[in-house]
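In mature numbering (1 follows the signal peptide of the UniProt record, and there is no 0), the protein residues as written are -18 to -1, 1 to 230. We treat Cβ as the ideally placed atom computed from N, Cα and C, and that holds for glycine. Accompanying notes for the structure given below.
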Amino acid sequence: MLFTIGLTALALASAAFAQTVVVVGSAPTSGGGIFQYAPNNFKATNGTVITFRFSGAPGNHTVTQSTFSDPCNPRPGGFDSGWVFIPASPPLSATPEWNLTITDDSKPIWFYCKQILPSFHCSSGMIGAINAPATGDNTFAAFQANAKAFKGTPNQGEGGLVGIGASASAPVGPVPSGAHLYTAAPLPISSTLSISSGKAASTVTAPPMTSLASTPATSAPAKGSGASALSTSSLVAFMAVAVGFVLA
Ligand SMILES: [Cu+2]
């Protein structure tokens, strides 16, 4: 009897604290390279806490909500971790994490990394899906194909802690010495997007350029097309700030 009660309590406890850990950045054992989340396609019921662990080093990544049809742009009203910079030479005293709780498991939740340096992480495959259907038109594979085919430049507008179908109650943490958290966008947000809690352009900070020894450096991205693309002048300003940070 006591044994049964004990087992029931244990089952309730695990149901109450369901957790999925997603490694952000390099995860050598999964074979997907440095621009990835591992796992990147999984199911999670309401109340499940998704813990994004920014352990990939070096790394400068985000977890940003998007949509199936526009995989590399922030979804208006969507969640956003902000950029988390991890230096090339750990160890850090702690690993920054971000806990996102599922609030609506009835619809797929799509996300991506909005970092554009040294190349666009999203179109390089840094995307993820929670509760994507296994069959039909909106599968993870179809989302992946959309991301690879993405044209233009991912919008750098900042989302909020509370997203659509999932939300966080706190920013990324801890942020130990050597790591950095940038929670605002360095560029004006496209007029076609209404980011839920974006900060004023004057208060934003550019994320540092990531130095990825294993990734070939690319030249500055060409001017994108479409309403959400960065303008050339914005891009130059962004690059200047990024380079300034590296040289500082
Ligand atoms: Cu990334």
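Query	Result
Per DSSP, cross-strand counterpart(s) of THR33	VAL3 and ASN81
Distance CB(ALA129)-CB(SER105) smaller than 8 Å	yes
Three-state secondary structure (DSSP) of ALA129	helix
Among GLY139, GLY145 and LYS89, the one whose alpha carbon lies nearest that of ALA116	LYS89
PHE61 (DSSP reduced to helix, strand or coil)	strand
Pair within 8 Å by beta-carbon distance, ALA76 and TRP92	no
Cβ neighbours of PHE132 in the same chain (closer than 7 Å, five flanking residues each side left out)	PRO53, CYS54, CYS104 and SER105
Exercise answer, beta-carbon shell around ligand 1 heavy atoms below 6 Å	PHE17, HIS43, CYS95, GLN97, HIS103 and MET108
ALA67 (DSSP reduced to helix, strand or coil)	Ala is not the amino acid found at residue 67; the sequence shown has Phe there. Reduced to three states, the DSSP call for PHE67 is strand.
DSSP three-state assignment for PHE24, whether helix, strand or coil	strand
Cβ pair VAL66, LEU163 closer than 8 Å	yes
Supposed close pair GLU79, PHE34 - CB separation, criterion 8 Å	6 Å
Cα-Cα separation between GLY3 and GLY134, rounded to whole angstroms	The sequence as given places Val at residue 3; Gly does not occur at that position. C-alpha separation (whole angstroms): 31 Å.
Same chain only: Cβ atoms within 8 Å of ALA(-1), ignoring 5 sequence neighbours per side	ALA26, THR27, GLY29, THR30 and VAL31
C-alpha distance - PHE122 paired with GLU140, whole-angstrom precision	24 Å
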